[in-house]
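Enquirer: Residue numbers (full-length UniProt numbering): 1 to 411.
Backbone N, C-alpha and C define an ideal beta-carbon position, used for all residues, glycine too.
Keep in mind that this is a model prediction, so the values were computed, not measured.
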Amino acid sequence: MLNKVERLCDQPPYADFPRPEYEHRIQRIKEEMADANLDVLVMWDELNIRYFTGFYSNHWPPITVCPAVLLIAVDQEPVMVVPDFFQGVVEGYTFIKDIRCHNEPHVTSHLRELPKLVAGLTKELMGSSSGRVGIEGGLTGGMTVPRPINDIDEFRGSLPDVEFVYAADQIWNVRMIKSNMEVDAIRLACEASIKSFHDLVADFEWGWDEKDVGLYIRKKLLEYADDCKPNLCMGSRRQVFMADIPAWDDGIPLMPGDRLVLEPLPEVKGYWGSSGRTFQLGPPTDASLQKAQILDRGRQVAADVTKPGVTTGEIMDAIIDTLTEGGLHCSLDQGGHGVGLCGQEPPAIALGEKYVVKPGMVLAVECWMFETGDNFQPPFNVYGGEDYVYVTEDGCDLFPAFPTDIVSLGV
């Protein structure tokens with residue numbers, strides 16, 4: 001059963017952004033819905049719901065309860081469905097007026113009944129049992145409904161006269177274009193990365209291992225940002241090459257001549273920041289310095305060609321051409337991606353992609369080269385980095401980034 005409740009708190013005391021920010025986001029998605037002839041959009045995903053409302057909870061990973069469902073009708077106020085004990089969370093973080101509370105949400109029979117209740121609410125908002133309903137799915141960005149398949153089947157089966165439409169394109173069309181407030185949050189997160197790098201360069205001591213560096217960076221990020229994901233950290237001496245991993249393993253040494261790839265992942269108001277870098281342990285050789293400079297140039301060329309109207313595939317081509325001219329190769333089929341509440345969002349900067357760059361996008365531009373020993377054995381040396389850019393009307397502006405002339409630790 002869903003109970004419609006009255007707000008006890010007129011203004012949310014802990015909202016990330018003011019009311020006009022969320023009203024603008026809702027208005028933009030309604031315009032997308034109108035263009036796609038959608039009557040109602042139903043969202044179950046944590047980040048989509050946070051984006052459009054500000055709702056946040058630590059309860060998303062468990063599937064023993066459904067923390068929230070957001071329904072947006074093209075011609076009505078949005079509605080949130082939450083467990084009864086989350087009414088205060090909605091009121092504390094969001095401006096949503098129409099709140100429907102799900103009673104005894106941990107009871108298995110009630111939890112399995114929720115899709116039917118959401119289907120009934122969908123009919124209420126449509127004013128009919130038939131219509132076009134957008135759901136989280138489609139080719140763009142791998143968007144999904146993060147609920148058990150039987151729940152999804154129950155929801156769709158309870159609306160036999162509805163035409164379901166994958167609405168990932170409509171959602172991403174809104175989320176890909178950042179507001180000034182989103183850009184400010186991303187900038188602060190990037191600054192946290194840079195401060196942590198400067199601290200590391202100043203404080204690094206020989207004898208530290210991978211885990212020491214990873215924990216040091218994480219502690220620093222929590223001083224400078226709201227939160228952080230486990231940062232990506234890998235040196236040269238793992239037994240197997242392991243990209244994009246946290247530094248949780250004991251006893252991986254850092255020795256003179258090694259290289260260390262490090263990407264802090266701070267968050268400010270849920271928005272990610274970064275400035276990925278690779279460091280030489282001790283003074284760099286002429287050869288390693290030259291490789292690092294070519295990779296830096298690839299990233300700079302990517303930023304130089306990023307402007308409205310170009311495709312993300314063309315940006316990737318520019319990266320590959322720059323590295324090839326320098327006698328190197330790009331080890332990944334990706335040269336970047338969008339950034340926001342998720343660390344990797346559309347548009348993908350990758351081989352052959354046709355996404356058109358637009359003003360207001362925030363993009364990570366990156367290029368990487370992996371060197372391994374014979375038969376993919378150690379030592380492993382990584383060159384490259386990542387920076388963020390904000391697309392303007394005629395080009396792009398670089399977010400705060402760590403200086404490329406600081407290339408070593410322990411010197």
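Nearest to residue 391 by alpha carbon, out of 405, 381, 360?
Expert: Taking the first residue of the sequence shown as 1, we reach residue 391 at position 391. Checked all of 405, 381, 360; the closest Cα to residue 391 is 360.
Enquirer: In chain order, which continuous runs of the alpha helix (DSSP H) of length 4 or greater are located wholly inside the region 128 to 196?
Expert: Counting whole runs of 4 or more residues, the region 128 to 196 contains the alpha helix (DSSP H) stretches 149 to 157, 168 to 175.
Enquirer: Could you please give the first and the last residue of the uninterrupted beta strand (DSSP E) stretch that includes residue 95?
Expert: Working through the sequence shown from its first residue, we reach residue 95 at position 95. Careful: residue 95 lies outside any beta strand (DSSP E) and carries neither H nor E.
Enquirer: Quick check on residue 224: does DSSP put it in helix, strand or coil?
Expert: For the purposes of this step, residue 224 is taken as residue 224 along the sequence shown, with counting starting at 1. Helix, per DSSP.
Enquirer: Quick check on the DSSP output: what are the complete beta strand (DSSP E) runs of length 3 or more inside the region 313 to 369, in order along the chain?
Expert: 334 to 338, 345 to 350
Enquirer: Count the C-beta pairs between the region 131 to 140 and the region 164 to 173 that are closer than 8 Å, then say yes if the count reaches three, no if not.
Expert: The region 131 to 140 makes contact with the region 164 to 173; the number of CB pairs closer than 8 Å reaches 3 or more.
Enquirer: Would residue 366 and residue 386 qualify as a contact pair, given that the criterion is a beta-carbon distance under 9 Å?
Expert: The residue you call residue 366 lines up with position 366 of the sequence shown. The residue you call residue 386 lines up with position 386 of the sequence shown. Cβ distance < 9 Å, so residue 366 and residue 386 count as in contact.
Enquirer: Classify residue 155: buried if its beta carbon has 16 or more other beta carbons within 10 angstroms, exposed otherwise.
Expert: Sequence index remark: in the sequence shown, residue 155 carries index 155 (1-based). It is buried - the Cβ of residue 155 has at least 16 other Cβ atoms within 10 Å.
Enquirer: Round the Cβ separation of residue 310 and residue 357 to the nearest angstrom and send it over; I've been treating them as touching at under 8 Å.
Expert: Looking up residue 310 in the sequence shown gives position 310. Looking up residue 357 in the sequence shown gives position 357. Confirmed, Cβ separation roughly 5 Å.
Enquirer: With three or more beta-carbon pairs closer than 8 Å as the criterion, would you say the region 125 to 134 touches the region 92 to 103?
Expert: no
Enquirer: DSSP beta-bridge partners for residue 210?
Expert: One-based indexing of the sequence shown puts residue 210 at position 210. None, per the DSSP bridge assignment.
Enquirer: Grouping DSSP H, G and I as helix and E and B as strand, with all else coil, what is residue 229?
Expert: Counting from one through the sequence shown, the residue named residue 229 turns up at place 229. Strand.
Enquirer: Measure the alpha-carbon distance for residue 110 versus residue 103 and round it to whole angstroms.
Expert: Translated into the one-based positions of the sequence shown, residue 110 becomes position 110. Translated into the one-based positions of the sequence shown, residue 103 becomes position 103. Cα to Cα, residue 110 sits roughly 8 Å from residue 103.
Enquirer: Report all residues from its chain with a CB closer than 7 Å to the CB of residue 132; omit the five preceding and five following residues, and keep chain order.
Expert: One-based indexing of the sequence shown puts residue 132 at position 132. Result list for residue 132: 37, 38, 39, 163, 165, in chain order.
Enquirer: Start and end of the alpha helix (DSSP H) containing residue 126?
Expert: Position 126 of the sequence shown, counting from 1, holds the residue named residue 126. Start and end: 108 to 126.
Enquirer: Would a C-beta distance cut-off of 9 Å place residue 211 and residue 249 closer than the cut-off?
Expert: Indexing the sequence shown from 1 puts residue 211 at position 211. Indexing the sequence shown from 1 puts residue 249 at position 249. Going by C-beta atoms, residue 211 is nearer than 9 Å to residue 249.
Enquirer: On the DSSP bridge list, what partners appear for residue 82?
Expert: The count along the sequence shown starts at 1 and reaches residue 82 at position 82. Paired residues: 101.
Enquirer: On the three-state DSSP scale, how would you describe residue 76?
Expert: Sequence index remark: in the sequence shown, residue 76 carries index 76 (1-based). Reduced to three states, the DSSP call for residue 76 is coil.
Enquirer: So residue 65 and residue 106 are supposed to be a Cβ contact under 8 Å. How far apart are they, rounded?
Expert: Your numbering for residue 65 matches position 65 in the sequence shown. Your numbering for residue 106 matches position 106 in the sequence shown. Confirmed, about 6 Å.
Enquirer: Return the CA-CA distance between residue 368 and residue 320, expressed in angstroms with no decimal places.
Expert: As a position in the sequence shown, residue 368 is number 368, starting the count at 1. As a position in the sequence shown, residue 320 is number 320, starting the count at 1. Going by the C-alpha atoms only, they are around 10 Å apart.
Enquirer: Between residue 323 and residue 298, which are expected to be in contact by the criterion C-beta below 8 Å, what is the C-beta distance as a whole number of angstroms?
Expert: What you label residue 323 is simply residue 323 of the sequence shown in a count that begins at 1. What you label residue 298 is simply residue 298 of the sequence shown in a count that begins at 1. About 5 Å; that satisfies the 8 Å criterion.
Enquirer: Please confirm whether residue 316 and residue 350 have their CB atoms less than 9 Å apart.
Expert: Position 316 of the sequence shown, counting from 1, holds the residue named residue 316. Position 350 of the sequence shown, counting from 1, holds the residue named residue 350. Yes, the Cβ-Cβ distance between residue 316 and residue 350 is below 9 Å.
Enquirer: Using three-state DSSP, classify residue 38 as helix, strand or coil.
Expert: The residue you call residue 38 lines up with position 38 of the sequence shown. Correct three-state label for residue 38: coil.
Enquirer: In whole angstroms, what separates the C-alpha of residue 158 from that of residue 119?
Expert: Position 158 of the sequence shown, counting from 1, holds the residue named residue 158. Position 119 of the sequence shown, counting from 1, holds the residue named residue 119. Rounded to whole angstroms, residue 158 to residue 119 spans 6 Å at the Cα level.
Enquirer: Answer yes or no: do residue 178 and residue 362 have a C-beta to C-beta separation smaller than 9 Å?
Expert: Sequence index remark: in the sequence shown, residue 178 carries index 178 (1-based). Sequence index remark: in the sequence shown, residue 362 carries index 362 (1-based). Against a cut-off of 9 Å, the Cβ pair of residue 362 and residue 178 comes out as a contact.
Enquirer: Does the separation of the CB atoms of residue 209 and residue 254 fall below 9 Å?
Expert: Residue numbering aside, residue 209 sits at position 209 when the sequence shown is read from its first letter. Residue numbering aside, residue 254 sits at position 254 when the sequence shown is read from its first letter. Result yes, Cβ atoms of residue 209 and residue 254 sit closer than 9 Å.
Enquirer: What span of residues does the beta strand (DSSP E) with residue 268 cover, start to end?
Expert: Residue 268 sits at position 268 when you count from the first residue of the sequence shown. Counting along the chain, the beta strand (DSSP E) containing residue 268 begins and ends at 259 to 268.
Enquirer: To the nearest angstrom, report how far apart residue 81 and residue 61 are at their CA atoms.
Expert: Counting from one through the sequence shown, the residue named residue 81 turns up at place 81. Counting from one through the sequence shown, the residue named residue 61 turns up at place 61. So the two alpha carbons sit approximately 18 Å from each other.
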